[in-house]
Amino acid sequence: MKKRVLITGATGFVGYHLIKSALANNLEVYANVRHSANATHLKDFPINYVDLDLSSIYLLKENIEDKKYDYIVHAAAVTKAKKLDDYNQVNAIYTRNLAVAASKATHLIKKFVFISSLAALGPLNQKSERLTDKSASHPVTNYGISKALAETYLAQVPNLPLIVFRPTAVYGPREKDIFILIKTIKAGLELYIGKQEQDLSFVYATDLANIIVNALASDVVGKSYNISDGAVYSRSSLANYVSKALGKKTLTVNVPVPLIKGLAWSMERVYSIFNKIPALNVDKIKELTALNWGCDIKNIQRDFGFTPQFGLEQGINETINWYRKNNWL
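Heads up, the sequence shown is in the working numbering, so the first residue is 51 and it goes up one at a time.
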């Protein structure tokens, strides 16, 4: 009999890849999809759908007892919100609700995996250092603060077979934020915020999804892991690989930080008219201009034999091929 996994955030970029990996590993997938969400890109997957009320511990507990999931992978999150309270409501309180429901259910799950973020730790101020799984938490954005709060809440839930994964910047087919940069480079522009050199890290979506799904059947509980492809890149590496893959020559422009902050502030005001939040916002700039996002992944390599299959250049090539094939570029 197949093991059952509940995947929240199923319609999102990471959720899509989690579903693919779970199906490839012969799991029966239950995807949490809100009635208002667009799930047409999931229509060809042989999966079951649920619409959970993450605000109700009682209803969540009832669903867990009814469906009898073996595993829960909680990937649902908001990455753009107007204020910290909005981030905390979805990313922290709803996460706690699901975990409490799982811990109180008469049906015992075997694993609760929370997809946090490297933003929960925040960047480093020294280039000679690397973020470890046990680095102190100093998030610089509201998103990072909400993810750190979620981790704090989860640590307080008793009898929860928990693993926390903190991916760095995730890219791959269907991703939309780095896709903006790719389109800019296709147009012949290579834009940077300021002139400060940076240490950056990335992880390809397939590698991320596979290690999360592989961890479900492990004996590991009560641990947190940073996830990247194991390399650290200069801030020009991504653009260089994209330019190479597209066969484009670019004009490099270093935009002063104050100018970008002003632009982000103006965009937030304009978008607020339509009750939306731009990808480039004042809060996000704090992450985009940080000095060092390099992280150490030796623990996840040791505990799970994690061997990323995609370095940045190969991953970018695969991603751009997908964009072209699916008429995104």
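Positions of the beta carbon are idealized from the N, C-alpha and C atoms, including for glycine.
Exercise. Rounded to the nearest angstrom, how far is the Cβ of Val292 from that of Ile366, given a contact under 8 angstroms?
Worked result: 6 angstroms
Exercise. Can the beta-carbon of Val163 be found less than 8 angstroms from the beta-carbon of His124?
Worked result: yes
For this session: Under the assumption that Tyr242 contacts Asn304 (Cβ atoms under 8 angstroms), give the Cβ distance between them as a whole number of angstroms.
Result: 5 angstroms
Exercise. To which residues of the same chain is Gly272 closer than 7 angstroms at the C-beta, ignoring the five residues directly before and after it?
Worked result: Leu212
Exercise. For Leu174, does the count of other Cβ atoms within 10 angstroms reach 16, so buried, or fall short, so exposed?
Worked result: buried
Problem set entry | Complete runs of the alpha helix (DSSP H) confined to the region 184-256 [at least 4 residues] | 192-205 and 227-236
Exercise. Touch check for the region 102-114 and the region 132-149: three-plus C-beta pairs under 8 angstroms?
Worked result: yes
Problem set entry | Contact check, Ser278 vs Ser251, beta carbons under 8 angstroms | yes
Problem set entry | Nonlocal neighbours in the same chain, by C-beta distance under 8 angstroms from Asn88, ignoring five residues either side | Thr61
For this session: Determine the closest residue to Gly280 out of Ala267, Ile347, Ser166 and Met51, with distance taken between C-alpha atoms.
Result: Ile347
Problem set entry | Enclosing alpha helix (DSSP H) for Ala149 [first to last residue] | Tyr144 to Lys154
For this session: May I ask you to report which of helix, strand or coil DSSP gives Asn342?
Result: strand
Exercise. Would Glu337 be called buried (16 or more neighbouring beta carbons within 10 Å of its own) or exposed?
Worked result: buried
For this session: Indicate the three-state DSSP secondary structure (helix, strand or coil) for Arg54 in the structure shown.
Result: strand
For this session: Within 10 angstroms of the Cβ of Leu199, are there 16 or more other Cβ atoms? Answer buried if so, exposed if not.
Result: buried
For this session: Can you tell me the Cβ-Cβ gap for Ile370 and Ala259, rounded? I've got them flagged as a contact below 8 angstroms.
Result: Wrong, their Cβ atoms sit about 19 angstroms apart, outside the cutoff.
Problem set entry | Coarse secondary structure for Asn371, derived from DSSP in three states | helix
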